[in-house]
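This report refers to the structure that appears directly beneath it.
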Amino acid sequence: MVSKTALYASRKDLPPLVTQAVALANSLGFISSCTPEQGELLRVLARGRASGVIGETGTGCGVGLAWMASAVGPETRLVSVEIDAARAAACQALFAALPNVQVLHGDWRMIAGYGPFDLLVLDGGGGGKGADYLPADPAGLLKPGGTLVLDDFLPPVEYWPEETAPRGADGRSITEARAHWLQHSDLFATEIRVHPRVSTILATRKAPGARQHR
Numbered sequence: 001m002v003s004k005t006a007l008y009a010s011r012k013d014l015p016p017l018v019t020q021a022v023a024l025a026n027s028l029g030f031i032s033s034c035t036p037e038q039g040e041l042l043r044v045l046a047r048g049r050a051s052g053v054i055g056e057t058g059t060g061c062g063v064g065l066a067w068m069a070s071a072v073g074p075e076t077r078l079v080s081v082e083i084d085a086a087r088a089a090a091c092q093a094l095f096a097a098l099p100n101v102q103v104l105h106g107d108w109r110m111i112a113g114y115g116p117f118d119l120l121v122l123d124g125g126g127g128g129k130g131a132d133y134l135p136a137d138p139a140g141l142l143k144p145g146g147t148l149v150l151d152d153f154l155p156p157v158e159y160w161p162e163e164t165a166p167r168g169a170d171g172r173s174i175t176e177a178r179a180h181w182l183q184h185s186d187l188f189a190t191e192i193r194v195h196p197r198v199s200t201i202l203a204t205r206k207a208p209g210a211r212q213h214r
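Residue numbering for the sequence shown is 1 to 214, as defined by this note's numbering.
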């Protein structure tokens, strides 16, 4: 597996908190940090939700959380949950100086108790990809108009035609997970590329009673 954390090695323009999180990831041998391009996107999205509530599943070593925390002030609350005890403890120490940032240790479903969210990043549970077969319920987690972010999709068609798409233990393919979100009745959703071989789904929760315009 290619290390995404290693993609930061040549970057000199990172926010200081992101640099610290990358150093933590390297010290723990954690290779699955969000890509720099995804981090830049998270920073922009977080800035657009200043004074709101931002959630994240899958803290990892805090790189994505650091991108978002670097974009907002103390009036914005950020909550992230990490299932690995050692990584959760390390991230709690990393963000200890920021009282508006809370890192939880536990299953991704814990995040529900801290919403509803203006921005929710499903990076470590709830995305419905592979073994993570139970997708989150956006109506229960997002405020109307709130934004959902799901990363690490291979761009469709040219890289993973449906018949050759990778599948999880339950037989569900990555493209099926993509379709779940893009066609979700509660969401206005789109897919964008943040890298030639990496795409992200952005989805906004519809107001109750809203209908899709075609």
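The beta-carbon is built from N, C-alpha and C at its ideal position, and this holds for glycine as well.
Since the model is a prediction, treat every value here as computed from it, not as a measurement.
(request) Identify, in the order they occur along the chain, each residue of the same chain with its Cβ nearer than 7 Å to the Cβ of Gly171, setting aside the five sequence neighbours on each side. (result) Only weak support is given to the placement of Gly171: the predicted model assigns it a pLDDT of 49, under 50, and the value that follows is read from those uncertain coordinates. Correct list: empty, nothing qualifies.
(message) Please report the distance separating the alpha-carbon of Ala90 from that of Ile192.
(response) Each residue's alpha carbon lies about 32 Å from the other.
(message) By the three-class DSSP mapping on this structure, what secondary structure does Gly168 have?
(response) Confidence is the limiting factor: at Gly168 the pLDDT is only 47, short of 50, which leaves the residue's position unreliable, though a coordinate-based value still follows. DSSP places Gly168 in coil when its eight states are reduced to three.
(request) Leaving aside the five residues before and after Glu163 along the sequence, list all residues of the same chain whose C-beta is less than 8 Å from its C-beta, in chain order. (result) Low per-residue confidence applies at Glu163: pLDDT is 47, beneath 50, and the placement is therefore not dependable enough to give any value.
(message) Using 8 Å as the threshold, is the C-beta distance between Ser51 and Glu82 below it?
(response) no
(message) Here's the rule I'm using: 16 or more other beta-carbon atoms within 10 Å means buried, otherwise exposed. How should Ala136 be labelled?
(response) buried
(request) Output the boundary residues of the beta strand (DSSP E) element that contains Pro15. (result) That residue, Pro15, is in no beta strand (DSSP E); it is neither H nor E in DSSP.
(request) Determine the closest residue to Ala6 out of Tyr114, Ala23, Asp151 and Pro16, with distance taken between C-alpha atoms. (result) Ala23
(request) With distances taken Cα to Cα, identify the nearest neighbour of Asn100 among Leu122, Arg77 and Gly113. (result) Arg77
(message) To test your reading of the DSSP string, which unbroken beta strand (DSSP E) runs of 3 or more residues are found completely within the region 96-140?
(response) 101-105 and 117-122
(request) Take the Cβ of Asp13 as the centre, count every other Cβ of all protein chains shown within 10 Å, and call the residue buried at 16 or more, exposed below. (result) exposed
(message) Tell me which residue opens and which closes the alpha helix (DSSP H) that Ala203 is part of.
(response) Premise fails: Ala203 lies in the beta strand (DSSP E), Val198 to Arg205, not in any alpha helix (DSSP H).
(message) Starting from Arg47, trace the alpha helix (DSSP H) in both directions and tell me its first and last residue.
(response) Pro36 to Arg47
(message) Just to confirm my understanding: we take Pro144, look at its own chain, exclude 5 residues before and 5 after, and list those with CB closer than 6 Å. What are they?
(response) Arg205 and Ala207
(request) With DSSP as the reference, please indicate the residues paired to Phe188 in a beta bridge. (result) Thr204
(message) In whole angstroms, give me the CA-to-CA distance for Phe188 and Leu142.
(response) For Phe188 and Leu142, the gap between their C-alpha atoms comes out near 13 Å.
(request) Verify whether the separation of the beta carbon atoms of Ile54 and Ala46 is less than 8 Å. (result) yes
(message) If contacts are defined as beta-carbon pairs under 8 Å, then Gly146 and Leu120 qualify, I think. What distance do you get, rounded to the angstrom?
(response) 7 Å
(message) Quick check: the Cα distance between Asp118 and Gly106, rounded to an integer number of angstroms?
(response) In a straight line, the C-alpha of Asp118 is about 22 Å away from that of Gly106.
(message) Applying the 10 Å Cβ sphere with the 16-neighbour rule, what's the burial state of Gly126?
(response) buried
(request) Find out if the Cβ-Cβ distance for the pair Phe153, Ser80 is shorter than 8 Å. (result) Their beta carbons are not under 8 Å apart, which means Phe153 does not touch Ser80 by this criterion.
(request) State buried or exposed for Arg43, treating a residue as buried only when at least 16 other CB atoms are found within 10 Å of its CB. (result) buried
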